[in-house]
Amino acid sequence: MAGLMRRAALRPLTMLPQRGASGPVCPVNLDTFPSTSEKTMGPHGFCRGSYSITKGIVGPLYRPPWVVGGIHNPTIDPEKHFNTQDRWKTVPFSKMIKYFMYSLMPARVQLFMVFIPITAILFVVWLEHRREPMEVFMDNETYWKDYDSYAYGVYFDHHHFSHMLCHRRAHKWGYAGQDITLEDGHH
Numbered sequence: 063m064a065g066l067m068r069r070a071a072l073r074p075l076t077m078l079p080q081r082g083a084s085g086p087v088c089p090v091n092l093d094t095f096p097s098t099s100e101k102t103m104g105p106h107g108f109c110r111g112s113y114s115i116t117k118g119i120v121g122p123l124y125r126p127p128w129v130v131g132g133i134h135n136p137t138i139d140p141e142k143h144f145n146t147q148d149r150w151k152t153v154p155f156s157k158m159i160k161y162f163m164y165s166l167m168p169a170r171v172q173l174f175m176v177f178i179p180i181t182a183i184l185f186v187v188w189l190e191h192r193r194e195p196m197e198v199f200m201d202n203e204t205y206w207k208d209y210d211s212y213a214y215g216v217y218f219d220h221h222h223f224s225h226m227l228c229h230r231r232a233h234k235w236g237y238a239g240q241d242i243t244l245e246d247g248h249h
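Position in the sequence shown counted from 1, then plus 62, gives you this note's numbering.
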């Protein structure tokens with residue numbers, strides 16, 4: 063019984079690929095992966111698909127394996143490809159990033175749908191946080207002292223009205239005389 067257990071335990075160890083004797087195992091051909099036969103998968107690259115908006119079909123359409131009948135000339139060796147013993151030694155980090163980005167290609171529309179609105183909102187928030195607070199309340203005495211300018215000034219000269227409010231906020235928040243952009247007439 064001990065011999066049977068020993069053989070059962072040692073048999074899987076004899077089937078593993080040799081480590082170090084034949085050199086590190088690179089799982090893919092670093093020059094061509096993940097591209098494969100254009101006849102099988104269609105053209106590779108950005109905007110090099112099989113269909114053009116202006117010309118229509120310009121190349122072979124992608125034919126899935128269940129239509130073609132399997133992969134007749136495979137471009138990867140499954141034994142090497144799924145062997146991870148030397149992956150960190152043989153595949154550079156830049157190639158790993160490239161392969162990761164290829165796996166995100168089908169999801170690019172969904173990623174854009176998420177990140178473009180988030181980026182736009184964060185940009186507006188960043189832009190507004192750079193500005194001083196708006197003055198939504200004004201003392202009655204100040205408002206009625208120059209009612210015409212505050213009530214109708216924006217309609218007659220909106221540039222002068224904006225400049226007047228800039229000066230008012232500069233005095234209110236305590237940075238009058240420190241901001242060189244408010245010192246001249248901006249003409």
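Glycine is no exception: its CB is placed at the ideal position from the N, C-alpha and C atoms.
Being a predicted model, the structure only gives us computed values, none of them experimental.
How many Å lie between residue i and residue j at the Cα?
i	j	result
S211	R170	53 Å
K142	N135	16 Å
F218	S224	12 Å
I115	L123	15 Å
P168	L184	26 Å
G107	E100	11 Å
T98	I138	9 Å
D150	P105	Reading off the sequence shown, one finds Trp at residue 150, where the question assumed Asp. Using only the alpha carbons, I get a separation of about 30 Å.
G65	V129	50 Å
F177	C109	22 Å
V216	D208	13 Å
M175	G239	46 Å
P89	F155	14 Å
G85	T146	14 Å
Y237	Y214	27 Å
H222	H191	24 Å
A71	P140	25 Å
S165	H220	53 Å
Q172	F162	16 Å
N202	A182	38 Å
Could you give the residue range of the alpha helix (DSSP H) that holds residue i?
i	result
R192	Neither: R192 is in no alpha helix (DSSP H) and is coded neither H nor E.
R110	Where R110 is concerned, there is no enclosing alpha helix (DSSP H), given that its DSSP letter is neither H nor E.
P127	127-130
N145	No alpha helix (DSSP H) holds N145; DSSP gives it neither H nor E.
E203	202-207
I115	Counting along the chain, I115 falls outside any alpha helix (DSSP H), and DSSP gives it neither H nor E.
F162	155-166
T152	149-152
S224	220-235
With distance defined between alpha-carbon atoms, name the residue in the options nearest to residue i.
i	options	result
T94	R193, D148, T146, K160	K160
P96	A71, G121, V153	V153
What does DSSP give as the partner residues of residue i in its beta bridges?
i	result
G121	DSSP lists no partner for G121.
Can you find the residues in the same chain that come closer than 7 Å, C-beta to C-beta, to residue i, ignoring five residues on each side of it along the sequence?
i	result
K157	L92
I119	S112, Y113
Cutting at 8 Å between CB atoms, please list the residues of its own chain near residue i, excluding the five before and the five after it.
i	result
E197	L227, R230, R231, K234
Y205	Y212
V87	P79, K142, N145, Q147, D148, T152
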